[in-house]
Amino acid sequence: MFEAIDKAKDDPILSLGIAYQQDTRANKLDLGIGVYRNEQGNTPVMKAVSVAAQRLLCAQTTQAYLGLAGNTDYNQAMLDLLLMDSPAHGRCIGIQTPGASGALRLLADLIASAKPNAKVWLSTPSYVNHQPIMQAAGLEVAFYPYFDPLTKQVDEAAMLAQISKLGPDDVLLLHGCCHNPTGADMSIEAWQQIAQLALNNGFLPFVDLAYQGFGEGIDQDIGGLRLLADNLPELLITCSNSKSFGLYRERTGIAIVIGQTLQHASNARGKLFELARRSYTMPPNWGAAIVAEILNDPLLKQQWQDELNAMSLRMRGLRQALAEEFRLQSNSDRFDYLTAHQGMFSLTGFSLAQTEQLREQYGIYIVGGGRINIAGLAKHAIPQLVNACLAVGA
Ligand code: LMR
Numbered sequence: 056m057f058e059a060i061d062k063a064k065d066d067p068i069l070s071l072g073i074a075y076q077q078d079t080r081a082n083k084l085d086l087g088i089g090v091y092r093n094e095q096g097n098t099p100v101m102k103a104v105s106v107a108a109q110r111l112l113c114a115q116t117t118q119a120y121l122g123l124a125g126n127t128d129y130n131q132a133m134l135d136l137l138l139m140d141s142p143a144h145g146r147c148i149g150i151q152t153p154g155a156s157g158a159l160r161l162l163a164d165l166i167a168s169a170k171p172n173a174k175v176w177l178s179t180p181s182y183v184n185h186q187p188i189m190q191a192a193g194l195e196v197a198f199y200p201y202f203d204p205l206t207k208q209v210d211e212a213a214m215l216a217q218i219s220k221l222g223p224d225d226v227l228l229l230h231g232c233c234h235n236p237t238g239a240d241m242s243i244e245a246w247q248q249i250a251q252l253a254l255n256n257g258f259l260p261f262v263d264l265a266y267q268g269f270g271e272g273i274d275q276d277i278g279g280l281r282l283l284a285d286n287l288p289e290l291l292i293t294c295s296n297s298k299s300f301g302l303y304r305e306r307t308g309i310a311i312v313i314g315q316t317l318q319h320a321s322n323a324r325g326k327l328f329e330l331a332r333r334s335y336t337m338p339p340n341w342g343a344a345i346v347a348e349i350l351n352d353p354l355l356k357q358q359w360q361d362e363l364n365a366m367s368l369r370m371r372g373l374r375q376a377l378a379e380e381f382r383l384q385s386n387s388d389r390f391d392y393l394t395a396h397q398g399m400f401s402l403t404g405f406s407l408a409q410t411e412q413l414r415e416q417y418g419i420y421i422v423g424g425g426r427i428n429i430a431g432l433a434k435h436a437i438p439q440l441v442n443a444c445l446a447v448g449a
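Quick look at the structure:
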């Protein structure tokens, strides 16, 4: 039966982790997959998460099934976190999913069942899993201009020119903040223009939020999302708790639908239940229970925010130090763009040959296309990284 299956292509991100583990060099650097690391190279469990987990473990009385929506306290807490005080709060639903990839797939399936001829527009470039997920749901995918490889910033004029041509059969997938893989975020004015275009032309925006709190702060990072939610009749949202709560392996995410009316949103929820049932049935509870425990306890929530701020400050410091080291070693300011980027990643535009040379000759692992996970870097490794980048001709 399986002889007809072609050999699988390596995942461009996950395969790097395997290669890194097999690398025996002592001074190797893993700047591939998006995980936050401290100066010692560990991805620590957040204190707020530990406290919540211990409390839950002590209070646990059953492991019986939850329903198709997963942990409903979590769903409510996430809707409150993202949409509290928005007019959309009264006409939205959220269902817990296995990670945000699970949420992306579920909402892609929802789009495909509501409008099979819909076309999903992705930024150039976008998160590597966006296109495969949308296509696996049978949706057509197209790309809008986003990143300007010369300025390393968003080309908002080109982006908006394309978006202004979208209509009622189009879905516009946007990154909530800390764009993956580029690190370049659009201005709030661009979000405003997108909201106006969506109102005028009837396309459906879809916001994928995976790095809340890694940019300017938990409220500032959802400024664009809130603009859309507050002003549009319909919106799709996927949110990941992997990074913001450090719950990577617990696969905790949510799919949110804002409808014109609560009835429309509830209809969508019914469809999402059907889709979940025929795929994974229910999401795992542990990560969601932890997030709910944190968000529903003001002290724990404050602790979580403080920890998140500290992580974000560390990433800012690393960006600053990296840009300074590039200035020092290259005698030029051409890497200053690193300090203008947000979140974990920066897209350097290094060529495939340079990326391979970094890996093979210097034991430095970055994603093809030149995405560097700044959050995976230790301060003491910065001179080594800069030296290697310049040596491969960056
Ligand atoms: C990344 O982009 O590195 C992460 O979001 C991990 C993933 O799922 O690819």
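Numbering-wise (our numbering), the sequence shown opens with residue 56 and increments by one.
By construction, the Cβ of each residue, glycine as well, lies at the ideal position given by its N, Cα and C atoms.
- Please state whether DSSP places Arg-333 in a helix, a strand or coil. Three-state result, Arg-333: coil.
- Task: Determine the direct distance from the alpha carbon of Phe-202 to that of Thr-403, and round the result to whole angstroms.
- Result: 11 angstroms
- Compute the beta-carbon to beta-carbon distance between Lys-434 and Leu-373, rounded to the nearest angstrom, for a pair I have assumed lies under 8 angstroms. For a cut-off of 8 angstroms, the C-beta gap from Lys-434 to Leu-373 is around 7 angstroms, short enough to register as a contact.
- Hey, Ala-155 and Ser-295: beta-carbon distance below 8 angstroms or not? yes
- Query: What residue from Val-447, Leu-377 and Gln-416 has the CA that sits closest to Gln-409's CA?
  - Reply: Val-447
- Message: Since Gln-397 and Gly-270 should fall inside the 8 angstroms C-beta cutoff, what is the C-beta to C-beta distance between them, to a whole number of angstroms?
- Response: 4 angstroms
- Message: Quick check on the DSSP output: the alpha helix (DSSP H) that includes Asn-256 runs from which residue to which?
- Response: 243-256
- Would you kindly report the start and end of the unbroken beta strand (DSSP E) that includes Gln-151? 147-153
- Item | Exposure of Ile-427, with buried meaning 16 or more beta-carbon neighbours within 10 Å | With 16 or more Cβ atoms within 10 Å of its Cβ, Ile-427 is classed as buried.
- To which residues of the same chain is Gln-450 closer than 6 angstroms at the C-beta, ignoring the five residues directly before and after it? As displayed, the chain neither begins before 56 nor continues past 449, which places residue 450 out of reach and without an answer.
- Query: For the alpha helix (DSSP H) that Asp-285 lies in, which residues bound it at each end?
  - Reply: 278-286
- Mind checking whether the beta-carbon of Gly-301 lies closer than 7 angstroms to any heavy atom of the ligand LMR? No, the ligand LMR has no heavy atom inside 7 angstroms of this Cβ.
- Straight-line CA distance for Cys-233 to Ala-395? Whole-angstrom Cα-Cα distance: 11 angstroms.
- Query: What does a CB cutoff of less than 6 angstroms around Ala-430 pick up in its chain, not counting 5 residues either side in sequence?
  - Reply: Tyr-91, Met-370 and Met-399
- Query: Within the chosen definition, does the segment 405-425 reach the segment 255-262 through at least 3 CB pairs nearer than 8 angstroms?
  - Reply: no
- Query: Are the CB atoms of Leu-241 and Val-209 nearer to each other than 8 angstroms?
  - Reply: The residue asked about is misnamed: residue 241 is Met in this sequence, not Leu. With a cutoff of 8 angstroms on beta-carbon distance, Met-241 and Val-209 are scored as near each other.
- Task: Have a look at Phe-57 and Ala-63 and give me their C-alpha separation to the nearest angstrom.
- Result: 12 angstroms
- Message: Using 8 angstroms as the threshold, is the C-beta distance between Leu-161 and Leu-363 below it?
- Response: no
- Message: Does Ile-60 pass the burial test, meaning 16 or more other C-beta atoms within 10 Å, or should it be called exposed?
- Response: exposed
- Task: Counting only the same chain and skipping the five closest in sequence on each side, list residues whose C-beta sits under 7 angstroms from that of Leu-252.
- Result: Ile-218 and Ser-219, listed in sequence order.
- Task: Can you tell me which of Ile-345, Pro-338, Gln-439 and Ser-387 puts its alpha carbon nearest to the alpha carbon of Leu-123?
- Result: Pro-338
- When DSSP labels each residue in this structure, what does Cys-113 get in the three-state scheme? helix
- Message: At a cut-off of 7 angstroms, would you count Tyr-75 as near the ligand LMR, judging by its Cβ distance to the nearest heavy atom?
- Response: no
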